[in-house]
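*Asks:*
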Amino acid sequence: MIRHPEYTRARLAQAAERLRAAVWAETRPLDELLVSEAVDRISYEQAQALAYRPAELGEHFGPLWATFWFRAAATVPEEWAGRRVDLLWDSQSEATLWLGGAAAQGLNRHHPDAFLQRQASPGPVSFEVELACNGMFGRQDAAFELRRAELGAFDPEAWRRWGDFETLRALEAGEGVDPSLAGTIRERLEQFCDSGDEALLGALYENVNGSHAHELAAIGHAHLDTAWLWPLAESRRKAVRSFSTQMRLMDDYPEHRFACSQAVHYDWIRADAPALWERLREKVAAGQFVPVGGSWVEPDCNLPSGEALLRHFLHGQRFFEQELGVRCREFWSPDAFGYCGQLPQILRHVGISRFLTQKLSWNRFNRPDQHTFVWEGDDGSRVLGHFPPADTYSSDATVPDLLRTVREYRSHDHSGTSLLVFGYGDGGGGPTAAMLETLRRARDLQGLPRTTVTTSEAFFDHLEAEPGEPPVVVGELYFEYHRGVYTTQARTKRLNRRAEQALHDAEFLSVLRRDDSRAELDRLWKLLLVNQFHDILPGSSIRLVHEESERDLAAVVAGAETLIGAGETPVNTIGVHRREVVAAPDDGLHVVEAPPYAVGTIVAADDELVLNQHKDALVLENAHLRATLSLDGRLSSLVHKETGRETLAASGNRLELYEDRPVQFDAWDIDPAHLRTRRDAPPFESYEVATDSPLRTEVAFERPGYRQVVRLDAGSRRLEFHATVDWRERHTLLKVCFPLAVRSGTATYEMPFGYAERPTHYSTSFDRARYEVPGHRFADLSEHGFGAAVLTDSKYGYSCYGGELRVSLLRSPTSPDPEADQGAHEFAYALLPHAGGWREAGVLAEAHRFNSRWRWVASVEPTQSLASVDDANLVLDTIKPAEDSDAVVLRLYEAHGGRGTARLRLGFPFEEARRANGLEEDGETLELDDGAIVLPYRPHELLTVKVA
-7 MIRHPEYTRA
3 RLAQAAERLR
13 AAVWAETRPL
23 DELLVSEAVD
33 RISYEQAQAL
43 AYRPAELGEH
53 FGPLWATFWF
63 RAAATVPEEW
73 AGRRVDLLWD
83 SQSEATLWLG
93 GAAAQGLNRH
103 HPDAFLQRQA
113 SPGPVSFEVE
123 LACNGMFGRQ
133 DAAFELRRAE
143 LGAFDPEAWR
153 RWGDFETLRA
163 LEAGEGVDPS
173 LAGTIRERLE
183 QFCDSGDEAL
193 LGALYENVNG
203 SHAHELAAIG
213 HAHLDTAWLW
223 PLAESRRKAV
233 RSFSTQMRLM
243 DDYPEHRFAC
253 SQAVHYDWIR
263 ADAPALWERL
273 REKVAAGQFV
283 PVGGSWVEPD
293 CNLPSGEALL
303 RHFLHGQRFF
313 EQELGVRCRE
323 FWSPDAFGYC
333 GQLPQILRHV
343 GISRFLTQKL
353 SWNRFNRPDQ
363 HTFVWEGDDG
373 SRVLGHFPPA
383 DTYSSDATVP
393 DLLRTVREYR
403 SHDHSGTSLL
413 VFGYGDGGGG
423 PTAAMLETLR
433 RARDLQGLPR
443 TTVTTSEAFF
453 DHLEAEPGEP
463 PVVVGELYFE
473 YHRGVYTTQA
483 RTKRLNRRAE
493 QALHDAEFLS
503 VLRRDDSRAE
513 LDRLWKLLLV
523 NQFHDILPGS
533 SIRLVHEESE
543 RDLAAVVAGA
553 ETLIGAGETP
563 VNTIGVHRRE
573 VVAAPDDGLH
583 VVEAPPYAVG
593 TIVAADDELV
603 LNQHKDALVL
613 ENAHLRATLS
623 LDGRLSSLVH
633 KETGRETLAA
643 SGNRLELYED
653 RPVQFDAWDI
663 DPAHLRTRRD
673 APPFESYEVA
683 TDSPLRTEVA
693 FERPGYRQVV
703 RLDAGSRRLE
713 FHATVDWRER
723 HTLLKVCFPL
733 AVRSGTATYE
743 MPFGYAERPT
753 HYSTSFDRAR
763 YEVPGHRFAD
773 LSEHGFGAAV
783 LTDSKYGYSC
793 YGGELRVSLL
803 RSPTSPDPEA
813 DQGAHEFAYA
823 LLPHAGGWRE
833 AGVLAEAHRF
843 NSRWRWVASV
853 EPTQSLASVD
863 DANLVLDTIK
873 PAEDSDAVVL
883 RLYEAHGGRG
893 TARLRLGFPF
903 EEARRANGLE
913 EDGETLELDD
923 GAIVLPYRPH
933 ELLTVKVA
């Protein structure tokens, strides 16, 4: 006998194709297939009123995002009686099968078949198909062509035979399989091809694992991006298609467990498909449909404010608990672009102690060296974390994926268990019957890990019970990739910042006025949270998504400002004292002063501004700063009068342009090569003194497409730069650079509910990876006795090398949005020199002031603080109405890394104060001292206080 392994493998592949074709060997054409005209996304009821015409195979449909409805009639032949009859459909698009007026299953290239009758009765059958003119990933090169529409009689024996053969065929060819086992399988499979004797296959499945096989937990999933290469409206239909498909699979495969995150997707099903929602509730109760994550969407985990991140879990956990009786214990976030250091504490604050992610396995400089680990946050809070070692959250559950899981697992020394997340994703879809067939055969088959289809909760329970101790990873999980998402789609990011602040102010004023606007606040918050999804806020979606996001976020701002109202009384809506120059509604400038969370009063100015114009420079000066500007807009000097220090080592406010052409992932990435391409932006060509008053000096610099106003107010400790830009660059990154006369090995950046310290050098691979980093409202570089911070009103991308502190202002990628960031932009930043370090200098408080506008409202009381705290380490971040009672909720966090006991004083009567968690569930009663709440705190602690 001639033996040739490669020839044999080719023969086996051919045999597998024949076996698969036998599953639907008998087919019948449809009797009639009618199609509507192109319509928008409409309801089933609306589709009934459409006009229909005959459709033909080979017909093309479009354009992109159009919808066509089909009506079909067919006849089940007598010889198919009692057999399962399927629809076999191929339209090169996504589609939905409708039976009896209800969505039955999604149809796509991964799920091209759907049963019409499990036990067919001969005679007529009818159904409808909703064809969506988009692929799984939105736009596609192939036409939306109707290639197949027919009935097929499903042969369960042929299906079983193919599954048995195909799993063994893949195992024989698998990487790392014992050669003797592979040889035995190859020989037996060839004998099967010779004889068709199925006993040969059965005998191979009697080979089971020994006592030390890797344990693999497998859970089905359909990662569905809430929006990305398709708009939100299409995601609603994707959810219907994916959920209905998976619930049908659960009927055929009782062991199937389908994990689904993002509460908003469930909310869509509840609103759009009531019958499907009731089935979903039944499957959740049966333990097959598994809500995970506990969040409203899978948000970006660097860019939202700390309060917004917490609200994702407040609304997500509440929805799952109220609607489905489930409280999630794991944060399911396989695809976000890094995780801030306070996230473990936020998770523990909302009842979550486990964490699943995947994306960090893409790190370019330093791949994680463990797949199972304990993640410790800034305050010491810990969650158990896991990276599925198959390196994907959309595994095909093939034999190569199972083998790779074992081969790549980096935690064998302390854990014998890992997780496989399987099912088509990003565009939804989820597992297929073929995947579940493979996993059935892998339960205990020699050469494969011992595989169990299970839930994420059972998997993490097993991890926790293992005797080994996983390593501890401390602090932020910085993603060494996709650094462009801190900057791309600047309008979306600016509106997000404005929306967060507007909702903050509206909630505080709701408490101050004692009105009940909770229903509207709930609606607005959920609209904001959807737009913090990890492909919307980061700016990595198509143009249509960002146009909708900008409209949504503008609507959030407008809705919140309607709640805030308008008037002539100034109100300080943040937790720090303010004394600032403010533009009143009548456009007049006034000095307004107010304690935290209180009505302000107009006071007399106690500072004088000086503007001196020289032949080659302009000098702006107040009691704290003396700024010298060159006539082309550079900041040549900034003297901090208190210390007498010059802030700059060289000219600052230096606008720089970089070539920005990442090797891949255009909207996502800023590659390190951009650092080699720096050039100065064109200088400003003219200037004018725009404002010269006792309270404010403004000098406007202009060149085509760029206007910048440099502002110094009386009494201000910061020099501000307000820009209006008509951006028309392509593949260009705009930064502003401040070379600071400060030396420090680390710079400090505000992050959600805290800060991150990062290196200012490239000494190690970890340092070099951080050439662009995320931050919120400030970045600071300080040495002993002196420092300087850059404050921003809507920017999130920073870099610092040596003493050069930079802010990334604008990008201009062309994929997936060819017009990303083109057009008009407004943004502001400020330079704040200070004595001492950033903590004692009050940099965070100044960043709050810079980002928070005074609110002018109708007359309100009181003029004293509604709430204030007597310790500068604690930030009183949020005052809001409780979700389910008349209580008031206050959120604070320790911002400096200190420990102590503070007193929280309220400007309204209350009977009791309690600690609470992030879900506003009561904890211990807090001590009162002379009417103030005594509040012990530890470094970086997040505190929720509930008073009634």
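For the sequence shown, my numbering assigns the number -7 to the initial residue and increments by one for each residue that follows. Ideal Cβ positions, reconstructed from N, Cα and C, are used throughout, including at glycine. None of these values were measured; they are calculated from a predicted model.
If we ignore side chains and look at the alpha-carbon of each, how far apart do Ser234 and Ala214 end up?
*Replies:* Within the sequence shown, the letter at position 242 stands for residue 234. Within the sequence shown, the letter at position 222 stands for residue 214. If you take the alpha carbons of Ser234 and Ala214, they lie about 7 Å apart.
*Asks:* For Cys185, does the three-state DSSP call read helix, strand or coil?
*Replies:* Against the sequence shown, residue 185 aligns to sequence position 193. The answer is helix: DSSP assigns Cys185 an H, G or I state.
*Asks:* If you count every other CB in all the chains shown that lies within 10 Å of the CB of Ser253, and 16 or more means buried, which is it?
*Replies:* In the sequence shown, residue 253 corresponds to position 261, counting from 1. Burial call: buried.
*Asks:* Could you pull out every residue in the same chain whose Cβ sits closer than 8 Å to the Cβ of Pro587, ignoring the five residues on either side in sequence?
*Replies:* Mapped onto the sequence shown, residue 587 falls at position 595. Answer for Pro587: Asn564, His569, Gln856, Ser857, Ser860, listed in chain order.
*Asks:* Can you tell me where the beta strand (DSSP E) with Pro116 in it begins and where it stops?
*Replies:* Locating residue 116 in the sequence shown gives position 124, where the first residue counts as 1. Per DSSP, Pro116 belongs to the beta strand (DSSP E) from 115 to 124.
*Asks:* For Phe136, does the count of other Cβ atoms within 10 angstroms reach 16, so buried, or fall short, so exposed?
*Replies:* Position 144 of the sequence shown, counted from the start, is the residue given in the question as residue 136. Buried is the call here.
*Asks:* Could you spell out where the beta strand (DSSP E) holding Arg847 opens and where it closes?
*Replies:* For the purposes of this step, residue 847 is taken as the residue at position 855 of the sequence shown. Element bounds for Arg847: 847 to 849.
*Asks:* Answer with buried or exposed for Gln309, where buried requires no fewer than 16 other C-beta atoms within 10 angstroms of its C-beta.
*Replies:* As a working note, residue 309 is residue 317 in the sequence shown. When all chains shown are included, Gln309 counts as buried.
*Asks:* Can you tell me which of the three DSSP states Ala491 falls into?
*Replies:* On the sequence shown, position 499 is the one that residue 491 refers to. DSSP places Ala491 in helix when its eight states are reduced to three.
*Asks:* Find the nearest neighbour of Val734 within the set Arg703, Ser345, Gly828, judged by alpha-carbon distance.
*Replies:* On the sequence shown, residue 734 is found 742 positions in, with the first residue counted as 1. Answer by Cα proximity: Gly828.
*Asks:* Between Thr59, Gly419, Ala389, Leu437, which has its C-alpha nearest Leu193's C-alpha?
*Replies:* Residue numbering aside, residue 193 sits at position 201 when the sequence shown is read from its first letter. The shortest Cα separation from Leu193 among Thr59, Gly419, Ala389, Leu437 belongs to Leu437.
*Asks:* Curious, which full-length alpha helix (DSSP H) runs of at least 4 residues does the segment 457 to 507 contain?
*Replies:* Those alpha helix (DSSP H) runs which fall completely within the segment 457 to 507 and span 4+ residues are 482 to 505.
*Asks:* Jot down the residue ranges of each uninterrupted beta strand (DSSP E) in the segment 704 to 728, minimum 3 residues, whole runs only, in chain order.
*Replies:* Qualifying beta strand (DSSP E) stretches, in chain order: 711 to 719.
*Asks:* Report yes or no: do the segment 577 to 594 and the segment 617 to 633 share at least 3 C-beta pairs separated by less than 8 Å?
*Replies:* No, they do not touch.
*Asks:* Does DSSP classify Met128 as helix, strand or coil?
*Replies:* Walking along the sequence shown from the start, residue 128 turns up at place 136. It is coil, neither helix nor strand.
*Asks:* So who's on the other strand from Ser629, going by DSSP bridges?
*Replies:* Locating residue 629 in the sequence shown gives position 637, counting from the first residue. DSSP output for Ser629 lists Thr620 as bridge partner(s).
*Asks:* Quick check on DSSP: helix, strand or coil for Asn100?
*Replies:* Working through the sequence shown from its first residue, we reach residue 100 at position 108. In this structure, Asn100 counts as strand in the three-state DSSP scheme.
*Asks:* Helix, strand or coil for Leu898? Go by DSSP, reduced to three states.
*Replies:* Sequence index remark: in the sequence shown, residue 898 carries index 906 (1-based). Residue state, collapsed to three classes: strand.
*Asks:* Under a three-way DSSP split, which group does Pro686 fall into?
*Replies:* Within the sequence shown, residue 686 is the residue found at index 694, counting from 1. In this structure, Pro686 counts as coil in the three-state DSSP scheme.
*Asks:* Quick one: using the 10 Å Cβ neighbour count with 16 as the cut-off for buried, is Arg637 buried or exposed?
*Replies:* As a position in the sequence shown, residue 637 is number 645, starting the count at 1. By the neighbour-count rule (16 or more Cβ atoms within 10 Å), Arg637 is buried.
*Asks:* Please list the segments of the beta strand (DSSP E) lying wholly inside the segment 415 to 448, counting only runs of 3 or more residues, in order along the chain.
*Replies:* Within the segment 415 to 448, the complete beta strand (DSSP E) runs of at least 3 residues are 442 to 445.
*Asks:* Tell me which residue opens and which closes the alpha helix (DSSP H) that Ser791 is part of.
*Replies:* Reading the sequence shown from its first residue, position 799 is the one you call residue 791. Where Ser791 is concerned, there is no enclosing alpha helix (DSSP H), although the beta strand (DSSP E) it sits in stretches over 789 to 793.
*Asks:* Leaving out the 5 sequence neighbours to the left and right, which residues in its chain are closer than 8 Å to Pro104 when beta-carbon positions are compared?
*Replies:* Against the sequence shown, residue 104 aligns to sequence position 112. Excluding positions up to five away in sequence, the list reads Leu80, Trp81, Asp82, Arg140.
*Asks:* In the DSSP assignment, what are the bridge partners of Asn564?
*Replies:* Working through the sequence shown from its first residue, we reach residue 564 at position 572. Answer is Ala590, bridged to Asn564.
*Asks:* What does DSSP give as the partner residues of His378 in its beta bridges?
*Replies:* Indexing the sequence shown from 1 puts residue 378 at position 386. In DSSP, His378 forms a bridge with Leu348, Thr364.
*Asks:* Could you check which residue in Ala491, Arg515, Leu504, Thr484 has the C-alpha nearest to that of Glu540?
*Replies:* To locate residue 540, count along the sequence shown from 1; it is residue 548. Comparing Cα positions, the closest option is Thr484.
*Asks:* Which one or two residues does DSSP pair with Val937 in a beta bridge?
*Replies:* For the purposes of this step, residue 937 is identified with residue 945 of the sequence shown, where counting begins at 1. Val937 is bridged to Leu882, Arg907.
*Asks:* Give a yes or no on whether the C-beta atoms belonging to Asn614 and Leu704 are separated by under 8 Å.
*Replies:* Within the sequence shown, the letter at position 622 stands for residue 614. Within the sequence shown, the letter at position 712 stands for residue 704. In this structure, Leu704 lies closer than 8 Å to Asn614 by Cβ.
*Asks:* Quick check: what's the CA-CA separation for Leu906 versus Pro266?
*Replies:* For the purposes of this step, residue 906 is identified with residue 914 of the sequence shown, where counting begins at 1. For the purposes of this step, residue 266 is identified with residue 274 of the sequence shown, where counting begins at 1. At residue 906 the sequence reads Arg, which differs from the Leu that was named. Each residue's alpha carbon lies about 40 Å from the other.
*Asks:* What does DSSP give as the partner residue(s) for Gln700 in the beta ladder?
*Replies:* Position 708 of the sequence shown, counted from the first residue, corresponds to residue 700. Answer is Phe693, Ala715, bridged to Gln700.
*Asks:* Are three or more beta carbon pairs between the segment 837 to 845 and the segment 793 to 805 nearer than 8 Å?
*Replies:* Contact between the segment 837 to 845 and the segment 793 to 805 is absent, because fewer than three Cβ pairs lie under 8 Å.
*Asks:* State the start and end residues of the unbroken beta strand (DSSP E) segment that holds Ser234.
*Replies:* Here residue 234 corresponds to residue number 242 of the sequence shown, with the count starting at 1. Where Ser234 is concerned, there is no enclosing beta strand (DSSP E), although the alpha helix (DSSP H) it sits in stretches over 224 to 244.
*Asks:* Can you give me the Cβ contacts of Leu49 inside the same chain, cut-off strictly under 8 Å, excluding the 5 residues immediately before and after it?
*Replies:* Within the sequence shown, residue 49 is the residue found at index 57, counting from 1. The answer, listed in chain order, is Leu138, Arg139, Arg140, Ala141.
*Asks:* Touch check for the segment 460 to 473 and the segment 352 to 362: three-plus C-beta pairs under 8 Å?
*Replies:* The segment 460 to 473 is in contact with the segment 352 to 362.
*Asks:* On the premise that Val256 lies in contact with Val289, defined as a C-beta separation below 8 Å, what is that separation, rounded to the nearest angstrom?
*Replies:* As a position in the sequence shown, residue 289 is number 297, starting the count at 1. As a position in the sequence shown, residue 256 is number 264, starting the count at 1. Indeed they touch by this definition, with Cβ atoms about 6 Å apart.
*Asks:* Is Tyr(-1) buried or exposed, if buried means 16 or more other CB atoms sit within 10 Å of its CB?
*Replies:* Position 7 of the sequence shown holds residue -1. Its Cβ having fewer than 16 others within 10 Å, Tyr(-1) is exposed.
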